[in-house]
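Participant:
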Amino acid sequence: MNAWIFYLMLALAPWGNVGNPDDNLNQVCSSINESAIIRPAVDTKVIHYTNQAIFLTYHHLDDNESFVTITPAKFNQHLQVLKENHYNVIPIEEYSCFLEHRKSIPPNAVVITFDDGYRSFYEKAYPLLKKQGFPATNFVVVSYLDSDYPSLPFLTWKQTQEMKRDGFSFYSHTFNLHQKKRGDGVNPVPTLTNRLFLEQEKRLETEEEWRKRVREDLWIAETMLKTQLDNKLSMLCFPFGEYNQTVMDDAKEMGFRYFITTKEGINAGDSREIYRLNVGMPYVSADNFLKKLQSYDRKK
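With this note's numbering, letter number 227 in the sequence shown gets 243, and the count goes up by one each step, no holes.
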């Protein structure tokens, strides 16, 4: 079946919430120690911080660096820094269980995340992460999966399924809202958080139309992720880091539990809005990377 026909069928189907968050969390937390990935033993030689986790953000790996692209060699240096400085890389689901008081996390906990779902995650990051025994999460723009972008290809469902079996995970960066369009002004605006100008009708969306459009997009993305990957948790990573209270409230009502931002900071298990450090940029050398991490060391 053509993928877009399937998406259309999903869009036309009845939609509502994305599952029972508590039941799904119970399943995840009870099986967290049975992950297929071989993880290094917890390192407690040096304690940088406890009961907290640093989330790292990357996007794309390529030999030609750009704003959100670093080389595989530099990414591997970052992984070596984590290992040599006694950081413990954990899956995002383990942090979720800690956040809900279901499980402890090791000291110096780090969660590795990628955004957008570029194929370089499979071809370049995945082998390096597996070599270290480090899990990672990719927040994918679901409509891009299995799509044909020759200049910058995206992941396929088959690749995500293979990585899922090795303990990697994939959550929503929306179905197709990682873009900007005309709103109520001259400059394009993020389509998740803004009412859009309807060209044919020469008017702005009503608030009801905007919220319905967003809810349908989020529902389609979640349905695809659950169908293809058997996801138990619902997480939403905001495109461009943009969000507002209306989007949050509607997503929570649908069953989304965790919200991934671009705000910098360390996560102390007291909020479902997750902070991250954007370290997937060319200027973040191994030394700069370590300095960023050490800025969150507990005060002696």
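The beta carbon of each residue, even a glycine, is placed where N, CA and C say it ideally should be.
Less than 7 Å separating the beta-carbons of Asp-233 and Phe-191?
Facilitator: Contact annotation: Asp-233 and Phe-191 have beta-carbon atoms nearer than 7 Å.
Participant: State yes or no: is the C-beta of Val-156 within less than 7 Å of the C-beta of His-189?
Facilitator: yes
Participant: Taking the CB atoms as reference points, tell me whether Lys-61 and His-94 lie closer together than 7 Å.
Facilitator: no
Participant: According to DSSP, what are the bridge partners of Asn-283?
Facilitator: Answer by DSSP bridge pairing, in chain order: Ala-69.
Participant: Can you list, in chain order, the residues of its chain with a C-beta nearer than 8 Å to that of Glu-116? Leave out the 5 residues immediately preceding and following it.
Facilitator: Leu-41 and Cys-45
Participant: Helix, strand or coil for Thr-278? Go by DSSP, reduced to three states.
Facilitator: In this structure, Thr-278 counts as coil in the three-state DSSP scheme.
Participant: How long is the line joining the alpha carbons of Ile-2 and Glu-215, rounded to whole angstroms?
Facilitator: A query on residue 2 cannot be resolved here, the shown segment of the chain reaching from 17 to 316 and no further.
Participant: Below 7 Å between beta carbons: does that hold for Ala-69 and Ala-125?
Facilitator: yes
Participant: Exposed or buried, what is Ala-267 when buried is set at 16 or more other beta-carbons lying within 10 Å of its beta-carbon?
Facilitator: buried
Participant: Compute the Euclidean distance between the alpha carbons of Lys-307 and Thr-278, then round it to the nearest angstrom.
Facilitator: 19 Å
Participant: What are the boundary residues of the beta strand (DSSP E) that Thr-196 is part of?
Facilitator: Checking the displayed sequence, the identity of residue 196 turns out to be Lys instead of Thr. Lys-196 -> beta strand (DSSP E) spans 196-198.
Participant: Under a three-way DSSP split, which group does Phe-272 fall into?
Facilitator: coil
Participant: Give me, in chain order, the residues of the same chain whose beta-carbon lies closer than 6 Å to that of Thr-66; leave out the 5 immediate sequence neighbours on both sides.
Facilitator: Pro-123
Participant: Have a look at Ile-48, Phe-114 and Ser-136 and flag the residue whose alpha-carbon is nearest the alpha-carbon of Phe-91.
Facilitator: Ser-136
Participant: Using the C-alpha atoms, what's the distance from Phe-150 back to Pro-206?
Facilitator: 33 Å
Participant: Under the three-state reduction of DSSP, which class applies to Glu-225: helix, strand or coil?
Facilitator: Helix, per DSSP.
Participant: Can you list, in chain order, the stretches of the beta strand (DSSP E) that have 3 or more residues and sit fully within the stretch 155-184?
Facilitator: DSSP runs (the beta strand (DSSP E)) wholly in the stretch 155-184: none.
Participant: From what residue to what residue does the alpha helix (DSSP H) around Ala-302 run?
Facilitator: 302-310
Participant: Measure the C-alpha to C-alpha separation of Cys-113 and Pro-56 and round it to an integer number of angstroms.
Facilitator: 20 Å
Participant: For the structure I just gave you, are there three or more beta carbon pairs, one from the stretch 241-257 and one from the stretch 160-178, closer than 8 Å?
Facilitator: yes
Participant: Run through DSSP, which three-state label would Leu-193 get?
Facilitator: coil
Participant: For the beta strand (DSSP E) holding Ile-128, just list the boundary residues, first then last.
Facilitator: 125-132
Participant: Give me whichever residues DSSP pairs with Glu-289 in a beta bridge.
Facilitator: Phe-275
Participant: Quick check on Leu-98: buried or exposed, where buried means 16 or more other Cβ atoms within 10 Å of its Cβ?
Facilitator: buried
Participant: Taking the alpha helix (DSSP H) that Ala-144 belongs to, which residues open and close that run?
Facilitator: According to the sequence displayed, residue 144 carries Leu and not Ala. Note, Leu-144: alpha helix (DSSP H), 142-148.
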